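Structure record follows, encoded as structure tokens.
Number of protein chains: 2
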Amino acid sequence: MKKETNYTFDNIRVVMVNTTEAGNIGAGARAMKNMCLSHLYLVNPKNYPCAMATARASGADDVLANAVICKTLSQALQGVNWIIGASARQRTIKWMQMDVVEACVEIQKITTFGQQVAVVFGSEKSGLTNEELDLCQVLMTIPGNPDYFSLNVASAIQVFGYQNFILNRQGLLKNTLNKPFKKAGFDELESFYTHLRQVLEHLDYFEEKRSKALLMRRLRRFFNRAVLEKEELAIFRGILRNIKPFQK
Amino acid sequence: MKKETNYTFDNIRVVMVNTTEAGNIGAGARAMKNMCLSHLYLVNPKNYPCAMATARASGADDVLANAVICKTLSQALQGVNWIIGASARQRTIKWMQMDVVEACVEIQKITTFGQQVAVVFGSEKSGLTNEELDLCQVLMTIPGNPDYFSLNVASAIQVFGYQNFILNRQGLLKNTLNKPFKKAGFDELESFYTHLRQVLEHLDYFEEKRSKALLMRRLRRFFNRAVLEKEELAIFRGILRNIKPFQK
Numbered sequence: 007m008k009k010e011t012n013y014t015f016d017n018i019r020v021v022m023v024n025t026t027e028a029g030n031i032g033a034g035a036r037a038m039k040n041m042c043l044s045h046l047y048l049v050n051p052k053n054y055p056c057a058m059a060t061a062r063a064s065g066a067d068d069v070l071a072n073a074v075i076c077k078t079l080s081q082a083l084q085g086v087n088w089i090i091g092a093s094a095r096q097r098t099i100k101w102m103q104m105d106v107v108e109a110c111v112e113i114q115k116i117t118t119f120g121q122q123v124a125v126v127f128g129s130e131k132s133g134l135t136n137e138e139l140d141l142c143q144v145l146m147t148i149p150g151n152p153d154y155f156s157l158n159v160a161s162a163i164q165v166f167g168y169q170n171f172i173l174n175r176q177g178l179l180k181n182t183l184n185k186p187f188k189k190a191g192f193d194e195l196e197s198f199y200t201h202l203r204q205v206l207e208h209l210d211y212f213e214e215k216r217s218k219a220l221l222m223r224r225l226r227r228f229f230n231r232a233v234l235e236k237e238e239l240a241i242f243r244g245i246l247r248n249i250k251p252f253q254k
Numbered sequence: 007m008k009k010e011t012n013y014t015f016d017n018i019r020v021v022m023v024n025t026t027e028a029g030n031i032g033a034g035a036r037a038m039k040n041m042c043l044s045h046l047y048l049v050n051p052k053n054y055p056c057a058m059a060t061a062r063a064s065g066a067d068d069v070l071a072n073a074v075i076c077k078t079l080s081q082a083l084q085g086v087n088w089i090i091g092a093s094a095r096q097r098t099i100k101w102m103q104m105d106v107v108e109a110c111v112e113i114q115k116i117t118t119f120g121q122q123v124a125v126v127f128g129s130e131k132s133g134l135t136n137e138e139l140d141l142c143q144v145l146m147t148i149p150g151n152p153d154y155f156s157l158n159v160a161s162a163i164q165v166f167g168y169q170n171f172i173l174n175r176q177g178l179l180k181n182t183l184n185k186p187f188k189k190a191g192f193d194e195l196e197s198f199y200t201h202l203r204q205v206l207e208h209l210d211y212f213e214e215k216r217s218k219a220l221l222m223r224r225l226r227r228f229f230n231r232a233v234l235e236k237e238e239l240a241i242f243r244g245i246l247r248n249i250k251p252f253q254k
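From first to last, the protein sequence lines are chains A and B. Per my numbering, the first sequence starts with residue 7, numbered consecutively. Per my numbering, the second sequence starts with residue 7, numbered consecutively.
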């Protein structure tokens, strides 16, 4: 592995949320290490740590040992610039969707210049909840059998890792890349959403319209899909700051 | 899935040889079905059938139920036109190698015109033996971490199935394909190798040179790598038939 290709791998974190079978965490770690990924975040894992996880990691113990255990998904996303939610299910809600090939092409661009990407995998039984998906900027789907789509979570990590490795190896994009604008970080976005909610509450906006939760979800979805640059975020924050005083 | 893309899937068989963990057979079936593959061959599986295999198949029970159980690898390869051995290890012996992307590109070409492909996965512990590899025409490697390559066998099937699905979906090749020459089948090749050995024995060739086993392996390797067309095979068979009478 050449030194200069490592950016992509080092700037990716794999986040497993509410995993119920600890064996899948071990298998996920093994899948990651096979494809040069090492940053594993575990949100609220069940029955972990346990011997089954270590057994199925099969030599990827270092990935397990270095895994960061978090209580909430938000904690696992601190400092991340682009958040991808992996989902087998097609959602009824409209969301920006990419398949794993498209997502991995974007990852090459983003990580090459040092920005952080998180790929979030939900629980075995039901995948990501809508609340977890609210924190994601794009929904990544893995193509497959339209009549049976039941990817094991570690298998999904394996496919993602493989596709990312292959695209990284091709390195086709490297020479034609323009340096992307600096994207807003997760924490900045969350802070912005909080600010936005406060301002809208202050404006009595929610009462007049539909429920607060639904409306905030729509707004999040819009801004997440747009993938705010830092400078754009600063502009919106400035607008929010200007609104409040006028209403007081 | 459009009807016309099914050729590729229907003409591929996945062969698992000497699998020791029945759970991996179930996980392999699940990986296959997710990627539209359904023809599973099990050569000498250990502790199978068992509940663990069914549990890990997770809805791909039909793939398991239809799996063909064979005593030898040769049995599992009857009627196949192109045989791919999957191997993580780099072999010291020289063998025609392709990575999974290259192999899947070839598979699109071969299967589109109705020829059969087998992809053979060895045991968990040691992969394919040299004797098993003797029956294969190409060694397929899966790119990954050069410092840790320890793909679970079901994960390897998952990656292969995914790559094959993606290339099939792209369908890039369909319009530019020339109909390939008809390749010799597995049974024809084996029959040819037997004939070749008999003729060489008859010629007292082995005694004069090195060991029979080693020499036959080298010959197999050459013909396997070359991927004999049916017509070429007929020519060689004709030559062999012509040799024997002259020596008698």
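We put the beta carbon where it would ideally sit given N, CA and C, even for glycine. Note that the coordinates shown come from a computational prediction; the quantities given were computed from them, not determined experimentally.
Taking the continuous beta strand (DSSP E) assigned at Ala124(B), which residues delimit it?
Taking the first residue of the second sequence as 1, we reach residue 124(B) at position 118. That run of the beta strand (DSSP E) goes 123-127.
Distance, Asn170(A) Cα to Gln81(B) Cα:
Residue mapping note: residue 81(B) aligns to position 75 of the second sequence, counting from 1. Residue mapping note: residue 170(A) aligns to position 164 of the first sequence, counting from 1. Cα to Cα, Gln81(B) sits roughly 37 angstroms from Asn170(A).
Label Glu137(B) either buried or exposed according to how many other C-beta atoms from any shown protein chain fall within 10 Å of its C-beta, with 16 as the threshold for buried.
The sequence position of residue 137(B) within the second sequence is 131, counting from 1. Exposed, by the Cβ-count rule.
Give the range of the beta strand (DSSP E) segment to which Met146(A) is assigned.
By 1-based counting over the first sequence, the position of residue 146(A) is 140. Residues 144-147.
Taking DSSP's pairing of strands, which residues face Glu235(B) in a bridge?
By one-based count along the second sequence, residue 235(B) stands at place 229. Glu235(B) is bridged to Lys189(B).
With C-beta atoms as the reference, is Val125(B) less than 8 angstroms away from Ala92(B)?
Taking the first residue of the second sequence as position 1, residue 125(B) is located at position 119. Taking the first residue of the second sequence as position 1, residue 92(B) is located at position 86. For Val125(B) and Ala92(B), yes; Cβs fall inside 8 angstroms.
So, at 6 angstroms on beta carbons, what are the nonlocal neighbours of Leu145(A) in its own chain, with the 5 sequence-adjacent residues on each side left out?
As a first step, residue 145(A) is located in the first sequence; it is residue number 139 there, counting from the start. Taken in chain order, the residues that qualify are Gly91, Ser93, Trp101, Gln103.
With DSSP run on the structure shown, which of helix, strand or coil describes Thr11(B)?
For this step, residue 11(B) is matched to residue 5 along the second sequence. Low per-residue confidence applies at Thr11(B): pLDDT is 48, beneath 50, and the placement is therefore not dependable, though the value from the model is reported in the following sentence. Thr11(B): helix per DSSP, three-state reduction.
Indicate whether at least one CB of chain A lies closer than 8 angstroms to the CB of Cys110(B).
Stepping through the second sequence from its first residue, residue 110(B) is reached at position 104. Not a single CB atom of chain A sits nearer than 8 angstroms to the CB of Cys110(B).
Does the distance from the CB of Arg243(A) to the CB of His208(A) come in under 8 angstroms?
One-based indexing of the first sequence puts residue 243(A) at position 237. One-based indexing of the first sequence puts residue 208(A) at position 202. Not a contact, by the Cβ cut-off of 8 angstroms.
With a threshold of 6 angstroms on Cβ separation, who are the neighbours of Val21(A) within its own chain once the five nearest residues in sequence on each side are excluded?
Reading the first sequence from its first residue, position 15 is the one you call residue 21(A). So the qualifying residues of the chain are Tyr47, Ala82, Ala124, Val126.
Compare the C-alpha of Asn53(A) against each of Val74(A), Gly65(A), Asn24(A) and name the closest.
As a working mapping, residue 53(A) is identified with position 47 in the first sequence. Ranking Val74(A), Gly65(A), Asn24(A) by Cα distance to Asn53(A) puts Asn24(A) first.
Looking at chain A, is there any beta carbon in it that lies within less than 8 angstroms of the beta carbon of Cys56(B)?
Here residue 56(B) refers to the residue found at position 50 when the second sequence is read from its first residue. It does not; no Cβ of chain A falls within 8 angstroms.
Would a check of beta-carbon distances place Arg36(A) closer than 8 angstroms to chain B?
Position 30 of the first sequence, counted from the first residue, corresponds to residue 36(A). Chain B, which has a Cβ nearer than 8 angstroms to the Cβ of Arg36(A), makes this yes.
Taking C-beta to C-beta, are Lys188(B) and Leu234(B) nearer than 8 angstroms?
Position 182 of the second sequence holds residue 188(B). Position 228 of the second sequence holds residue 234(B). No, these two residues do not count as a Cβ contact at 8 angstroms.
Alpha carbon of Pro55(A) to alpha carbon of Asn158(A), nearest angstrom
Residue mapping note: residue 55(A) aligns to position 49 of the first sequence, counting from 1. Residue mapping note: residue 158(A) aligns to position 152 of the first sequence, counting from 1. So the two alpha carbons sit approximately 20 angstroms from each other.
Does the beta-carbon of Pro152(B) have 16 or more other beta-carbons within 10 angstroms, so that it is buried, or is it exposed?
In the second sequence, counting from the first residue as 1, residue 152(B) sits at position 146. Under this definition Pro152(B) is an exposed residue.
Sequence-distant residues of the same chain with beta carbon closer than 7 angstroms to Ile89(B), five excluded per side
Taking the first residue of the second sequence as position 1, residue 89(B) is located at position 83. If we look at Ile89(B) and ignore the five residues flanking it on each side, its Cβ neighbours are Leu83, Ala124, Val126, Leu141, Cys142, Gln143, Phe192.
Best match in Ala63(B), Cys42(B), Tyr168(B) for proximity to Asn30(B) [C-alpha to C-alpha]
Here the question's residue 30(B) lines up with position 24 in the second sequence. Here the closest residue by C-alpha is Ala63(B).
Test: Gln164(A) CB closer than 8 angstroms to a CB of chain B
To locate residue 164(A), count along the first sequence from 1; it is residue 158. Cβ-Cβ to chain B under 8 angstroms: yes for Gln164(A).
Which residue's Cα is closest to the Cα of Leu246(A): Ala219(A), Arg203(A), Met38(A), Tyr154(A)?
Residue 246(A) sits at position 240 when you count from the first residue of the first sequence. Checked all of Ala219(A), Arg203(A), Met38(A), Tyr154(A); the closest Cα to Leu246(A) is Arg203(A).
Should Val159(B) be flagged as near chain E, meaning a C-beta pair shorter than 8 angstroms?
The question asks about chain E, but that chain is absent: this structure's protein chains are A and B.
If you measure beta-carbon to beta-carbon, which residues of the region 127-151 of chain B are closer than 9 angstroms to chain A?
Ile148, Pro149, Gly150, Asn151
Residue nearest to Leu43(A) in terms of C-alpha spacing, selected from Ala66(A), Arg226(A), Glu130(A)
Locating residue 43(A) in the first sequence gives position 37, where the first residue counts as 1. For the residues Ala66(A), Arg226(A), Glu130(A), the minimum Cα distance to Leu43(A) belongs to Ala66(A).
According to the Cβ coordinates, are Ala160(A) and Ala37(A) closer than 8 angstroms?
Residue numbering aside, residue 160(A) sits at position 154 when the first sequence is read from its first letter. Residue numbering aside, residue 37(A) sits at position 31 when the first sequence is read from its first letter. Taking a C-beta distance under 8 angstroms as the contact criterion, Ala160(A) and Ala37(A) qualify as a contact pair.
Considering just the uninterrupted stretch of the alpha helix (DSSP H) at Asp67(A), what are its terminal residues?
Here residue 67(A) refers to the residue found at position 61 of the first sequence. Element bounds for Asp67(A): 67-71.
Does the beta-carbon of Lys39(A) have 16 or more other beta-carbons within 10 angstroms, so that it is buried, or is it exposed?
As a first step, residue 39(A) must be located in the first sequence, where it is residue number 33. That one is buried.
Report the neighbours of Tyr211(B) on chain A: residues whose CB is nearer than 9 angstroms to its CB, in chain order.
Position 205 of the second sequence, counted from the first residue, corresponds to residue 211(B). The premise fails here: Tyr211(B) is roughly 45 angstroms from chain A at the closest Cβ pair, so nothing lies under 9 angstroms.
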